[in-house]
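These protein sequence lines are chains A and B, in that order.
FYI, the numbering for the first sequence is 1 to 317, going by this note's numbering.
FYI, the numbering for the second sequence is 318 to 606, going by this note's numbering.
Take a look at the structure set out below.
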Amino acid sequence: MTRYLAGRLLGLVAVLFVTSVVVFGALHLAPGDPVTFLLHGRPATPEAVAALRTQHHLDDPLAVQYAKWLGGVLRGDFGSSAQFHQDVAGLIASRLPGTALLVAYAALLVALIGVGSGILAALRPGPVDRTVLIGTGVATATPSFVTAIALVSLFSVQLGWFPGPGGTPAGLSQQLYHLTLPAFALALTFAGLLARVTRSAMLDELGREHVEVARARGVAERTVVRRHVLRNALGPVVTVGGTMLAGLLISTSIVETAFDVPGLGSLLVASVTAQDFAVVQAITLLSVAAFVLVNLAVDLLAPLIDPRLSLHGEGSS
Amino acid sequence: MTTTTSPAPYRRPGLRRLRVLGQGPMFTVSVAVLVALVLVALLAPVLAPYDPEALDLASSLVGTGADHLLGTDQSGRDVLSRLLHGARTGLLGPLLVVTVSTLLGTLIGVVAAWRGGWADTVLSRSMDMVFAIPGLLLAILLVTVVGSGMTAPVIAMAVAYTPYVGRLVRGIARQEKARPYIEAYRVQGWSGWTVSVRHLLPNIAPTVLAQSAMNFGYALMDLAALSYLGFGVQPPTADWGAMINEGQSAVQQGAMLPALAPSACIVLAVVAFGIVGEGLADRIAKRER
């Protein structure tokens, strides 16, 4: 267990190290002088050039530049945004709540719709099952920006139930109301996948002997499903659900852009367009860190929910 | 008979449900859809009734009719013509991604399996690293430095997809290598390279092909997302992802087709590639059983 954990942590540090090298090195991939790239058409006053050279330590050798940059990052100093003339860390902190709320909302929808329709499909073979299968098939082949367009045209333009893209809602309830369509657009693909995983995990359990025995003992069907099927099926559902959380995080850039939600994802996209490199570096690095951390957390937590997934099995592959 | 089963192609979990549709008539229909798509891409200049980039601001957002079967977009361009031409960029990008990642992944996988030892460790660990970095982020980073266009997204996605192929090929190649026929060739004094190219590759090719078909759909979806964000093919070139981006504001004015038509094309293509890939994988699995 300790050895497994140490190995995983080592792998995590290795991934973060490589990512940091890539994110740092990207600046030097840019054609021409890094300063010209960082200025991105802004007036090249001697002061601006000098400030950029200092900020990115461009007068030092490459290894020293990297070490100084990484030192700053580890202290939470990501430099300053060329676009907003603001501290990158502060900028990210101000955009984080919007994204966190959207991801939380979408995660809730994924869990409810995904697990719900998965259970339904497993318990009702025939037309219901087939409908869920086809529905989830289409849902998972539909990119989130396509879902976004479809939702806006139906629920915002045609029916007028929900607001379209844009707008600055005040208060949590208004905010949630505005985030409903974006959350659905973000959630649909992942919900389709989770429904499939839930369905097959449930079907696996339904065919087991202990379920037959429980039924034969005269245990009520509701209790059988809840205590004997659902509980055992939860393991794979949680594992897949957890990894999807990381996927949701990455997909926010698309959905936030489609709905004009002021969050980290739309900040990332705007910063790419404006070639605001410090912001892109920071968000890329933080996203990869969140991605690998969530995946590690899921792998460590899964055995707690389902003890059969004990860690000892992991070393064999 | 050997009872070893080859490692199945990696399926992005999302598309696994298409598997039930992979056998039977849906497979045939999907192949037909893909053939039609390729024909449309090749013949777009002949088929398109209008120049896809010809602006006609006087007839902006005209609805469906005899003149424009699918109406026009905000700038008065014929949606059908843009859709047909969009199939070209829509298929060319994924084709490049899949070709590069399949060649590179096969090379890495075969070398890792054949050499074993430290070469295997280094190559496998490197593939794990690339796996941990989401392709979309890699593309965004590259676009920031190199600029928008087809180049950066295609390079980033080719890199991101290589480990999918590499891991698969390494797995099958290791199993193949353990089989007696390979040993027999080696005893006859054939070089490792000759045995790999002449005998190993033909045996693993079908599985790799199935994986590539699935990757094609995923790459199409990823590249469309990038061009939707404005990082891919630049206007005024017709491209499905970019068309959805441009059509967004029209949707709020009640004109759905300029955005919904390319959306439908993307979903259709992704579903078709998924079903064909799954169908091929299932056929291979059945044959081996």
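Glycine is no exception: its CB is placed at the ideal position from the N, C-alpha and C atoms.
* Would you mind sorting F17/A into buried or exposed? The rule is 16 or more other CB atoms within 10 Å of its CB. => Mapped onto the first sequence, residue 17/A falls at position 17. Burial call: exposed.
Original post:
What are the start and end residues of each continuous alpha helix (DSSP H) run of 4 or more residues lying completely inside the segment 380 to 429 of chain B, in chain order?
Top reply: Counting whole runs of 4 or more residues, the segment 380 to 429 of chain B contains no alpha helix (DSSP H) stretch at all.
| message | Can you tell me whether Q551/B is helix, strand or coil according to DSSP? | response | What you label residue 551/B is simply residue 234 of the second sequence in a count that begins at 1. Correct three-state label for Q551/B: coil.
Paired residues, beta bridge with S81/A - DSSP: Numbered from its first residue, the first sequence carries residue 81/A at position 81. When beta bridges are read from the DSSP output, S81/A appears opposite Q86/A.
Problem set entry | C-beta atoms of A148/A and A191/A nearer than 8 Å | What you label residue 148/A is simply residue 148 of the first sequence in a count that begins at 1. What you label residue 191/A is simply residue 191 of the first sequence in a count that begins at 1. Not closer than 8 Å, so no.
* Would you mind working out which of G171/A, F78/A, V115/A, S80/A sits nearest G235/A, comparing C-alpha positions? => Working through the first sequence from its first residue, we reach residue 235/A at position 235. Checking every option, the nearest Cα to that of G235/A belongs to V115/A.
In the segment 17 to 54 of chain A, which residue ranges form an unbroken beta strand (DSSP E) of at least 3 residues, counting only runs that do not cross its ends? The qualifying runs do not exist here; there are none.
- Query: Going along the chain, which residues of its own chain have a beta-carbon closer than 7 Å to the beta-carbon of H402/B, five neighbours each way excluded?
  - Reply: Reading the second sequence from its first residue, position 85 is the one you call residue 402/B. Same-chain partners within the cutoff: A361, A365, P369, A555.
- [ ] Measuring only between beta-carbons, confirm whether L386/B sits less than 8 Å from chain A.
- [x] Translated into the one-based positions of the second sequence, residue 386/B becomes position 69. No, L386/B does not count as interfacial toward chain A.
Checklist entry - Between the beta-carbon of T99/A and the beta-carbon of L264/A, is there less than 8 Å? => result Within the first sequence, the letter at position 99 stands for residue 99/A. Within the first sequence, the letter at position 264 stands for residue 264/A. A contact, by the Cβ cut-off of 8 Å.
8 Å Cβ cutoff met for L574/B and T381/B | Mapped onto the second sequence, residue 574/B falls at position 257. Mapped onto the second sequence, residue 381/B falls at position 64. Yes, they are a contact pair.
Determine the direct distance from the alpha carbon of Y478/B to that of G349/B, and round the result to whole angstroms. Start at 1 with the first residue of the second sequence, and residue 349/B comes out as number 32. Start at 1 with the first residue of the second sequence, and residue 478/B comes out as number 161. One point to set straight first is that residue 349/B is Ala, not Gly, in the sequence displayed. Their Cα atoms are separated by approximately 26 Å.
Using the beta-carbon of each residue, which ones in chain B are nearer than 7 Å to G164/A? Within the first sequence, residue 164/A is the residue found at index 164, counting from 1. Here the neighbours are Q569.
Original post:
If you follow the alpha helix (DSSP H) that L154/A is part of, which residue opens it and which one closes it?
Top reply: Taking the first residue of the first sequence as 1, we reach residue 154/A at position 154. Per DSSP, L154/A is not a residue of any alpha helix (DSSP H), being assigned neither H nor E.
Query raised in the report: Looking at the unbroken alpha helix (DSSP H) that takes in I307/B, where does it start and where does it end?
Result: With chain B covering 318 to 606 only, the question about residue 307/B has no answer from this structure.
- Throw me the rounded Cβ distance for the T198/A and G90/A pair, which I believe falls under 8 Å. Within the first sequence, numbered from 1, the residue matching residue 198/A stands at position 198. Within the first sequence, numbered from 1, the residue matching residue 90/A stands at position 90. At roughly 41 Å, the Cβ-Cβ gap does not stay under 8 Å, so T198/A and G90/A are not in contact.
Neighbour-count burial assignment, V213/A, 16 or more Cβ in a 10 Å radius
The count along the first sequence starts at 1 and reaches residue 213/A at position 213. So V213/A ends up on the exposed side.
Next item on the list: State whether the segment 534 to 543 of chain B contacts the segment 553 to 567 of chain B, with contact taken as three or more CB pairs (one from each stretch) at a distance under 8 Å.
Entry: Verdict: yes, contact present.
Item checked: 4 or more residues per run - each alpha helix (DSSP H) lying fully within the segment 507 to 553 of chain B -> Correct list: 509 to 512, 518 to 545.
*asked:* With distance defined between alpha-carbon atoms, name the residue in Y535/B, S465/B, A522/B nearest to G591/B.
replied: Counting from one through the second sequence, the residue named residue 591/B turns up at place 274. The candidate whose alpha carbon is nearest that of G591/B is Y535/B.
- Query: Are the segment 207 to 223 of chain A and the segment 284 to 291 of chain A in contact at 8 Å, needing three or more beta carbon pairs?
  - Reply: Contact fails between the segment 207 to 223 of chain A and the segment 284 to 291 of chain A, because fewer than three Cβ pairs, one in each stretch, are under 8 Å apart.
With a CB to CB cut of under 6 Å and the five nearest residues on each side skipped, what residues in its chain are close to I113/A?
Start at 1 with the first residue of the first sequence, and residue 113/A comes out as number 113. Within the same chain, and ignoring the five residues on either side of I113/A in sequence, the residues whose Cβ sits closer than 6 Å to its Cβ are A191.
Quiz item: Mind listing which residues of the segment 281 to 295 of chain A have their C-beta closer than 9 Å to chain B's C-betas, in chain order?
Solution: Listed in chain order, the positions of the segment 281 to 295 of chain A with a beta carbon within less than 9 Å of a beta carbon of chain B are Q281, I283, T284, S287, V288, F291, V292, N295.
The alpha helix (DSSP H) with W161/A in it runs from where to where? Walking along the first sequence from the start, residue 161/A turns up at place 161. Counting along the chain, no alpha helix (DSSP H) covers W161/A, and no H or E run does either.
Discussion item. T419/B and S513/B - do their beta-carbons sit closer together than 8 Å?
Written reply: Position 196 of the second sequence, counting from 1, holds the residue named residue 513/B. Position 102 of the second sequence, counting from 1, holds the residue named residue 419/B. No; because the gap between Cβ atoms is not below 8 Å, this pair is not in contact.
Exercise for the section: Would you be able to state if there are at least three C-beta pairs under 8 Å between the segment 253 to 263 of chain A and the segment 164 to 174 of chain A? Expected result: Counting Cβ pairs under 8 Å, three or more are found: they touch.
> According to the Cβ coordinates, are L206/A and L181/A closer than 8 Å?
Replying inline: Numbered from its first residue, the first sequence carries residue 206/A at position 206. Numbered from its first residue, the first sequence carries residue 181/A at position 181. Against a cut-off of 8 Å, the Cβ pair of L181/A and L206/A comes out as no contact.
Taking Y66/A as the reference, give the member of D87/A, A48/A, S20/A, L52/A with the closest Cα.
Start at 1 with the first residue of the first sequence, and residue 66/A comes out as number 66. Check the Cα spacing between Y66/A and each of D87/A, A48/A, S20/A, L52/A: the tightest is with S20/A.
Can you check which of these residues, P523/B, L412/B, G571/B, is closest to R600/B by C-alpha distance?
Within the second sequence, residue 600/B is the residue found at index 283, counting from 1. Just measuring C-alpha positions, the residue of P523/B, L412/B, G571/B sitting nearest R600/B is P523/B.
If you follow the alpha helix (DSSP H) that L364/B is part of, which residue opens it and which one closes it?
Against the second sequence, residue 364/B aligns to sequence position 47. In the DSSP annotation of this structure, the continuous segment of the alpha helix (DSSP H) that includes L364/B starts and ends at 342 to 364.
Open item on the list: By the three-class DSSP mapping on this structure, what secondary structure does T438/B have?
Closed with: Position 121 of the second sequence holds residue 438/B. The answer is helix: DSSP assigns T438/B an H, G or I state.
Q. Roughly how many angstroms separate the alpha carbons of A473/B and L374/B, rounded to a whole number?
A. The residue given as residue 473/B occupies position 156 in the second sequence. The residue given as residue 374/B occupies position 57 in the second sequence. One C-alpha to the other measures close to 37 Å.
Original post:
Starting from L293/A and walking both ways along the alpha helix (DSSP H), at which residues does that stretch end?
Top reply: As a position in the first sequence, residue 293/A is number 293, starting the count at 1. For L293/A, the enclosing alpha helix (DSSP H) starts and ends at 277 to 305.
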